[in-house]
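One structure below.
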Amino acid sequence: MNSVERAANNLLKDAASLLLYQEVLRVPPAQAFLKLLIALRRGDEAWKLLDAYGEFYRLMAAGNILSLEELILEGILVGEGNPFAEASANVGNPRSPWSKEVPPSLQYAAAADLYSLQRLSVTESTLVGWVVDLVSDVRPEWKVAAESTLSSRDLKKVHGSSGDVSCTDGVMLHSETRADDHGDFLAHNRETWRRKIGGLWQWSEAVPLLQEYYAEYGIGRIACEQALQCRGGKLLRDTNFYAYKETCNLTILKEHSQKLFKHFERHISHCEASHVLVLGPAGSGKTTLVKSVLHSFVKQGKLRVIQMQKGEIKHLQSILEDLARNWQLRYVVVVDGLSITDDLPLVEWPENVMLCRISLSKELSMEKLSSETEDSFGMILTLNNLDHETYLLSVKEMLDFNKRLDVKPTDDSWQSHMDEADEWAKDRDPISVRSASQFVRNIL
């Protein structure tokens with residue numbers, strides 16, 4: 001057995017020895033890494049080694065993962081399917097068997113796994129070097145390209161001194177920049193923790209740090225995202241919510257916005273806060289109201305939002321069971337697209353999850369709400385269509401808002417646009433917030 005085969009064999013033993021953190025190595029890029037190690041251990045033919053490394057490289061690039069170390073540290077923080085992580089997250093939870101403490105046995109097992117995972121966090125330059133040792137006729141261009149999945153720091157270390165390859169911004173974008181660009185508080189926070197743990201001389205010393213992390217930020221993929229949407233019963237990252245842009249704070253919605261803001265604040269503060277029902281006709285600004293208030297909390301990392309459409313309601317029970325695992329986190333489940341006559345399934349809501357139901361209603365008389373509906377929702381917000389005066393006010397506020405953003409209509413005469421808005425409304429009945437928004441978009 002040569003030195004490369006021996007090194008690969010030792011890493012495979014490290015992977016096989018994991019007691020708690022097996023899920024870290026079950027994601028596709030990590031599986032490709034293990035297959036590469038197996039090929040190296042067997043001393044496979046040259047084309048098989050190159051093919052194995054190519055698959056690893058492709059999956060790392062597809063996931064925008066900067067290095068194997070980043071991949072492994074991210075998996076450690078996620079803590080999926082890990083009894084140590086679950087115990088750490090549930091200390092203090094009266095409903096958990098680990099409410100008092102994390103058993104020492106789990107702490108010892110976690111330390112052993114962290115030691116093995118640190119050994120597995122080899123650099124891509126090391127992997128490429130092993131491949132080159134076994135495949136003698138590798139082209140220099142391939143070697144340079146194959147090492148390009150390194151972090152910007154390692155690229156400088158490998159190429160900076162020789163000057164053969166320049167480390168440009170186009171080759172690698174540091175993950176901190178990526179997190180900031182998306183305005184994703186939790187992603188930026190995880191990167192800080194990855195640096196904290198990865199900077200330790202021995203990762204096995206990170207057990208107390210990880211207990212602290214899991215207790216504060218939760219476990220599993222559902223704890224790693226600030227905004228999720230339900231599709232086919234699965235919770236996926238809601239990219240539309242992350243891309244949400246600031247909207248005009250209309251006077252007609254201001255009072256509702258303030259009430260909703262205070263209600264969500266109570267929920268975040270672990271105070272008792274009941275479910276919310278937002279009623280209104282089509283185009284009255286229901287969804288805009290809810291999203292704008294929620295976004296102000298989400299961008300600070302204080303709240304997590306789950307969005308569900310009418311067709312996903314059948315999965316509500318299983319979704320709530322998943323959310324209840326992170327009892328210390330606060331979620332708001334937004335169910336949109338229901339009419340006031342549509343019923344939700346009878347389920348037990350965990351204390352850490354609030355329902356915000358957005359319902360379409362043509363008849364907004366409060367007397368028509370059933371007593372059962374009133375009992376289910378501690379806050380009921382009712383939105384209406386606009387009269388002519390509030391419509392013109394909303395148009396003016398939207399135009400002023402866009403003017404501050406330096407988005408100006410083609411004609412600088414604002415009064416002429418108000419006259420146009422007046423004419424626009426005559427052909428539309430009823431007039432709504434959506435009507436005002438459509439007019440403004442039409443002239444910008």
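Following the UniProt record's numbering, the numbering of the sequence shown begins with 1 at its first residue and continues without gaps.
Glycine included, every Cβ here is placed at the ideal spot set by N, Cα and C.
Since the structure is predicted, the reported quantities are computational estimates derived from the model, not experimental observations.
Item                                                                                                                                                              : Value
By how many angstroms is the C-alpha of SER88 removed from the C-alpha of TYR244?                                                                                 : 34 Å
May I ask you to verify whether the region 395-403 touches the region 298-309, counting CB pairs closer than 8 Å and requiring at least 3?                        : no
Who are the near neighbours of ALA436 in its chain, counting only those whose CB is closer than 8 Å to its CB and skipping five residues on each side?            : LEU386, TYR391, SER394, VAL395, MET398, ALA421
Return the CA-CA distance between GLU216 and LEU12, expressed in angstroms with no decimal places.                                                                : 33 Å
Quick check on DSSP: helix, strand or coil for VAL27?                                                                                                             : coil
Would ILE76 pass as a contact of LEU117 if the rule is Cβ separation under 9 Å?                                                                                   : yes
Which term fits ASN10, buried or exposed, when burial requires 16 or more other beta carbons within 10 angstroms of its beta carbon?                              : exposed
Closest to GLN309 by CA distance: which of PHE377, VAL334, TRP47, LEU294 is it?                                                                                   : VAL334
Nearest to ASP322 by alpha carbon, out of LYS48, LEU71, GLU86, ARG58?                                                                                             : GLU86
So, with DSSP's three-state summary, where would you put LYS302?                                                                                                  : coil
Once the 5 residues before and after PHE439 are set aside, which same chain residues still bring their CB inside 7 Å of it?                                       : VAL395, ALA421, TRP424
Closest to TRP201 by CA distance: which of LEU114, ASN2, ALA109, ARG95 is it?                                                                                     : LEU114
Consult DSSP for CYS356 and reduce its assignment to one of helix, strand or coil.                                                                                : strand
Can you have a look at LEU20 and say buried or exposed, based on whether 16 or more other CB atoms are within 10 angstroms of its CB?                             : buried
Have a look at PHE56, ALA282, CYS230, PHE261 and flag the residue whose alpha-carbon is nearest the alpha-carbon of ASP319.                                       : Strictly speaking, residue 319 in this sequence is Ile, with Asp absent from that position. ILE319 has its Cα closest to that of CYS230, out of PHE56, ALA282, CYS230, PHE261.
With ALA111 and SER204 assumed to form a contact (beta carbons below 8 Å), what rounded beta-carbon distance in angstroms separates them?                         : 4 Å
Quick check: the region 324-332 against the region 343-363, are there 3 or more CB pairs under 8 Å?                                                               : yes
Based on DSSP bridge pairs, tell me the residues matched to residue 449.                                                                                          : Nothing can be reported for residue 449: it is not among the residues displayed for the chain, which extend from 1 to 444.
When the Cα atoms are used, what is the spatial distance from PHE185 to TYR242?                                                                                   : 11 Å
Compare the beta carbon distance of TRP130 and LEU40 with 9 Å and say whether it is the shorter of the two.                                                       : yes
If you run the structure through DSSP and keep just helix, strand and coil, what is GLN309?                                                                       : strand
Say whether the region 94-103 touches the region 41-50, bearing in mind that this needs 3 or more beta-carbon pairs closer than 8 Å, one atom from each stretch.  : no
Where do the ends of the alpha helix (DSSP H) carrying ILE252 lie?                                                                                                : 251-268
What do you get for THR225, buried or exposed, if any count of 16 or more other CB atoms within 10 angstroms of its CB means buried?                              : Before going further, note that residue 225 is Glu rather than Thr in the sequence given. Buried, because 16 or more other Cβ atoms sit within 10 Å of the Cβ of GLU225.
Classify GLN211: buried if its beta carbon has 16 or more other beta carbons within 10 angstroms, exposed otherwise.                                              : buried
Rounded to whole angstroms, what is the Cα-Cα separation between LYS106 and LEU228?                                                                               : Before going further, note that residue 106 is Leu rather than Lys in the sequence given. Cα to Cα, the separation comes out at about 31 Å.
Quick one: residues in its chain with C-beta nearer than 7 Å to the C-beta of ARG266, no 5 flanking neighbours on either side, listed in chain order?             : ALA273
For GLN317 and GLN307, what's the separation of their Cα atoms in angstroms?                                                                                      : 14 Å
So, for SER17: in the same chain, excluding its five sequence neighbours on each side, which residues have a beta-carbon less than 7 Å away from its beta-carbon? : SER116
DSSP puts THR382 in a beta bridge; with which residues?                                                                                                           : LEU279
List the whole-angstrom C-beta distance separating LEU236 from PHE264, where the pair is believed to meet the contact cut-off of C-beta under 8 Å.                : Contact flag wrong, Cβ pair sits at about 23 Å.
Distance, Cα to Cα, GLY232 vs LYS314?                                                                                                                             : 10 Å
Hey, would you say ILE72 sits closer than 9 Å to LEU120, going by beta carbons?                                                                                   : yes
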